[in-house]
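S.K.: Sharing a structure, written as structure tokens. Questions coming.
In the working numbering, the protein residues as written are 1 to 91.
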């Protein structure tokens with residue numbers, strides 16, 4: 001299994017470009033607009049987690065770019081801890 005460093009594997013603009021190329025321009029545009037805000041985590045949460053119960057999910061490549069953008073955004077936020085057991089992780 002290949003080890004991936006989610007923090008250093010690409011920059012924000014590369015992932016946004018890839019999302020647009022894959023046909024997810026609306027998601028890339030929204031992420032870009034919310035980039036320097038705390039509201040972006042709420043958007044990631046609503047985008048990644050199926051709260052309706054009827055979605056099939058993203059293709060792997062698309063999800064990978066969204067996840068990397070999530071990590072890049074939160075690495076810049078010194079108050080955010082990437083602890084999967086933390087309540088803050090899911091906000």
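Beta carbons: idealized from backbone N, C-alpha and C, even for Gly.
#1: Residue ranges of each alpha helix (DSSP H) run of no fewer than 4 residues wholly in the stretch 31 to 69, ordered along the chain?
#2: Just the C-alpha distance for residue 90 and residue 45, rounded to the nearest angstrom, thanks.
#3: I think residue 66 touches residue 48, with their Cβ atoms under 8 Å apart; what is that distance to the nearest whole Å?
#4: Measuring only the C-alpha atoms, how far is residue 29 from residue 16?
#5: Quick check on the DSSP output: the alpha helix (DSSP H) that includes residue 12 runs from which residue to which?
#6: Mark residue 41 as exposed unless 16 or more other C-beta atoms lie within 10 angstroms of its C-beta, in which case mark it buried.
#7: Between the C-alpha atoms of residue 4 and residue 57, what's the straight-line distance to the nearest angstrom?
M.R.: Taking the definition as stated:
#1: 39 to 48
#2: Stepping through the chain shown from its first residue, residue 90 is reached at position 90. Stepping through the chain shown from its first residue, residue 45 is reached at position 45. In this prediction, residue 90 has a pLDDT of 45, which is less than 50 and means its spatial position is unreliable; what the coordinates show is noted afterwards. Distance between the alpha carbons of residue 90 and residue 45: 7 Å.
#3: Position 66 of the chain shown, counting from 1, holds the residue named residue 66. Position 48 of the chain shown, counting from 1, holds the residue named residue 48. At roughly 6 Å, the Cβ-Cβ gap stays under 8 Å, so residue 66 and residue 48 are in contact.
#4: Residue numbering aside, residue 29 sits at position 29 when the chain shown is read from its first letter. Residue numbering aside, residue 16 sits at position 16 when the chain shown is read from its first letter. Cα to Cα, the separation comes out at about 8 Å.
#5: Translated into positions along the chain shown, residue 12 becomes position 12. Unbroken alpha helix (DSSP H) run through residue 12: 12 to 21.
#6: Position 41 of the chain shown holds residue 41. So residue 41 ends up on the buried side.
#7: Walking along the chain shown from the start, residue 4 turns up at place 4. Walking along the chain shown from the start, residue 57 turns up at place 57. With a pLDDT of only 48 at residue 4, under 50, the local geometry of the prediction cannot be trusted, and no value is derived from it.
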